[in-house]
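A quick write-up on the structure given underneath.
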Amino acid sequence: MDLDDFRSVLETAGVDVWTFIDTAILVASLDYGQEFKQRRDGIVERLYATSMVTRCKSCDFGERSNVYQVNKEDSPHEGKGGGKGSPFTPHSENEDDDMDPYGGLFDDEQKRVLEIKERLELPDQSEDSLVDLLQSLADMDITFQALKETDIGRHVNKLRKHSSNDVRRLVKQLVRKWKEIVDEWVRVNQPGEPEPAGLMGKFIILTVI
């Protein structure tokens, strides 16, 4: 879609761009769940491609980006059996390196967690947006190393008194799940020590407070 056309849609709809984005994400997750999962990494990459605007002032993203092209005949939402959804077209390794905001310091799992953590820190997040971010974390099989390196536990824990029941429920679910991961790591790696000391102890405290 041409950028001017999109601005016209916003003006006609009478909503701001942030409400539009939040609603679009919710509709995508509800109506196009499988395809949304396939596209999620590509969407995150666009969020962190800071040079996108300077490279493309009026791109028609719907037609020119291979990552986002959709074969409607394959979309499960169109009601045709056997559809597999549109495949995710990966970037080349060099392109991924160019768009990596962390300079290759973290693996893919840790980068996804860090991206979610940064979005959790944004002010004035809607309830739907927070629920979506927390659910994404709940769907991930996060390793102990990722928990330790990203410090995600402390940031999620800040939401434990949120006014939303769904947000509080997901926070409790995540803290319980991550505590089990930490406990298992301690059991395997530090047998005989009832309470880990030093930095590891601080990490566990931050995770489960």
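Residue numbers (UniProt numbering): 1 to 209.
The beta-carbon is built from N, C-alpha and C at its ideal position, and this holds for glycine as well.
Look up residue i in the DSSP assignment and say whether it is helix, strand or coil.
i	result
D2	coil
Q110	helix
L137	helix
E93	Any reading at E93 needs caution, since the residue's pLDDT is 44, under 50, leaving its predicted position unreliable; the model's value is listed next. E93 falls in the helix class under three-state DSSP.
residue 210	Given that the chain is displayed from residue 1 to residue 209, the structure contains no residue 210 and the question cannot be resolved.
R46	helix
S126	coil
D132	helix
D41	helix
P87	Model confidence at P87 stands at a pLDDT of 41, short of 50, so the residue's coordinates are unreliable; what they give is reported in the following sentence. If DSSP states are grouped into helix, strand and coil, P87 belongs with coil.
In whole angstroms, what separates the C-alpha of residue i from that of residue j?
i	j	result
R160	A146	21 Å
L130	V186	30 Å
G42	D31	19 Å
R176	D124	26 Å
V188	E121	33 Å
D5	G153	41 Å
K179	D22	31 Å
G33	Q135	13 Å
Q38	L137	16 Å
E11	K148	45 Å
D166	N157	14 Å
D183	L174	14 Å
V27	H155	27 Å
M1	G14	19 Å
V9	R40	24 Å
R46	L3	16 Å
Closer than 7 Å: is that where the CB of residue i sits relative to any heavy atom of the ligand NAD?
i	result
V171	Ligands are entirely absent from the displayed structure, and the ligand NAD is therefore not among its contents.
Please check the pair residue i and residue j, which I expect to be a contact at CB under 8 Å, by giving their CB distance rounded to whole angstroms.
i	j	result
I142	V113	6 Å
S29	F36	5 Å
residue 210	E127	Outside the shown range of the chain (1 to 209) lies residue 210, about which nothing can therefore be said.
D151	I25	Their Cβ separation, rounded to whole angstroms, is 25 Å, which puts D151 and I25 out of contact at 8 Å.
R168	H162	6 Å
E115	V44	5 Å
In the DSSP assignment, find the alpha helix (DSSP H) that holds residue i and state where it starts and stops.
i	result
I25	17 to 31
I142	I142 -> no alpha helix (DSSP H), and no H or E assigned at all.
G14	Premise fails: G14 is in no alpha helix (DSSP H) and is neither H nor E.
L174	165 to 189
R160	No alpha helix (DSSP H) contains R160, which DSSP labels as neither H nor E.
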